[in-house]
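Peer 1:
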Amino acid sequence: MTIGISELSSYVPPRILSNEELSKQVDTSDEWIQSHTGIRERRISDDGTFASDLAIVAGSEVLKRRGLDPGDVDLVLVATSSPDYNPFPSTASLVQEGLGCKNAGAFDLQAGCSGFVYGLESAKGMVAGGSMKRILVIGSEVLSKITNWKDRNTCVLFGDGAGAALVEDTGPEGHVILDSWLKSKGSDAGALTREAGGTRVPGAPESPDPRKFTISMNGKKVYLFAVDAIVRTIKALCERNGNAPEELDWIVPHQANARIIEAAAARLKLPIEKFFMNLDRFANTSAASIPIALEEMRERSLLSPGQTLLTVGFGAGLSYGGNLIRW
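Our numbering puts the first residue of the sequence shown at 5, with every later residue one more than the last.
1) Rounded to the nearest angstrom, how far is the Cβ of S13 from that of A62, given a contact under 8 Å?
2) Of all the options T41, I60, G321 and S49, which has the alpha carbon lying nearest to the alpha carbon of A169?
3) Identify the continuous alpha helix (DSSP H) that holds V30 and give its terminal residues.
4) Who pairs with Y15 in a beta bridge, going by DSSP?
5) Can you tell me which of E25, A108, L228 and G165 puts its alpha carbon nearest to the alpha carbon of T53?
6) Within its chain, find whatever has a CB closer than 6 Å to the CB of V16; leave out the 5 residues flanking it on each side and keep chain order.
7) Near P309, what residues of its chain come up, given a Cβ to Cβ distance below 7 Å and the 5 sequence neighbours on each side ignored?
8) Tell me the DSSP bridge mates of R70?
9) Whose C-alpha, out of A268, N152 and R244, is nearest the C-alpha of Q29?
10) Out of E300, G190, T32 and E145, which has the shortest C-alpha to C-alpha gap to V226?
11) Using 8 Å as the threshold, is the C-beta distance between L26 and L81 below it?
12) Can you tell me which of the three DSSP states M221 falls into?
13) Look at the alpha carbon of V77 and the alpha carbon of S39, and state the distance between them as a whole number of angstroms.
14) Would you grab the beta carbon distance between L241 and K278 for me? Rounded to a whole angstrom, and I think it's under 8 Å.
15) Given G102, which residues of its chain have a CB within under 6 Å of its CB, disregarding the five upstream and five downstream residues?
16) With 16 as the cutoff for other CB atoms within 10 Å, does T203 come out buried or exposed?
17) Count Cβ pairs between the region 255-275 and the region 122-137 that sit closer than 8 Å; are there 3 or more?
18) Taking I234 as the reference, which of L58, K149, N157 and G326 has the closest Cα?
19) Taking Cβ positions, are T218 and I150 nearer each other than 8 Å?
20) So is E45 buried or exposed if we call it buried at 16+ other beta carbons inside 10 Å?
21) Taking C-beta to C-beta, are V99 and A110 nearer than 8 Å?
22) Report yes if the C-beta distance between P295 and G178 is below 8 Å; otherwise report no.
23) Measure the Cβ-Cβ separation of D57 and R156 and say whether it is below 8 Å.
24) When you compare the CB positions of D213 and G42, do they come within less than 8 Å of one another, or not?
25) Does DSSP put G133 in a helix, in a strand, or in coil?
Dropping the structure here:
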């Protein structure tokens, strides 16, 4: 059995929020945002659109392209940090119903911006174990709904979107998931949080400070962690599989911040051109960023059969890891 990605798709909301428009809402500027993050604009969902809605669009397109009936899917796995409900029902259950996957199980995976990386390996393991045949892995985020739009340090970073992949036995000619490396640095979990909404800081009966329901980040700590996470993941997967980093055809990182990716490339002594980036147009879409990037790479004919790709995610938890994929 050779397990991999048989089909991909992505979807982003039509509304574009540019840096110029954002600078009218908070004390910032296009020059400051681009120089610190590399971001020019991001996609924002409207008030009535949620993570499940974006996921259903991306997932339905995957099934259409693959020529599958929704009943052929055994499991819907949704990686998200901005679910429709917290904590239940799961966003995956809403997506399962929306897609008409009547024979499928469904659950959410919460691994922050590493969610899609974790989701691919989870799906691979279940298919390899024989309990599942086809698993729809979707990263879907509406981070705009949990962003503090008065905090100039975080509101410039995030956007909305979804990306989906179908994981199954593809045969040796498919986009094979060769290996994965999943890690976490829980000692620094407090560096990136949405504090309220769980049982530690519930929203009722006495509602806490509204800012606790939005994303809070220790930018310096997260930056240092992220650079190290990229370097460690690439080195670990390459060493374990007999590759040198410079032999990789593409590295597809979580699209958090161009400065993070550039610093990691410099530490690895790799050309920045080896790292695919589209965060200038989509910003940080958390668990959706890697599948959105992969789909764009395919659309732009940047991926060829036999190429070796390495995805690398890093984010809340602080989780990190990567997948080694033969395209």
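Virtual Cβ for every residue (Gly too), placed ideally from N, Cα, C.
Since the model is a prediction, treat every value here as computed from it, not as a measurement.
Peer 2: According to the data block:
1) 5 Å
2) I60
3) From DSSP, V30 is part of no alpha helix (DSSP H); its letter is neither H nor E.
4) A166
5) G165
6) R47 and G165
7) W331
8) R70 has no beta-bridge partner at all, per DSSP.
9) N152
10) G190
11) no
12) strand
13) 44 Å
14) So it is not a contact: roughly 14 Å between Cβ atoms.
15) Close CB contacts of G102 within its chain, under the 6 Å cut and outside five residues either way in sequence, are with I60 (chain order).
16) Exposed, by the Cβ-count rule.
17) The region 255-275 vs the region 122-137: no contact.
18) G326
19) yes
20) When all chains shown are included, E45 counts as buried.
21) yes
22) no
23) no
24) no
25) helix
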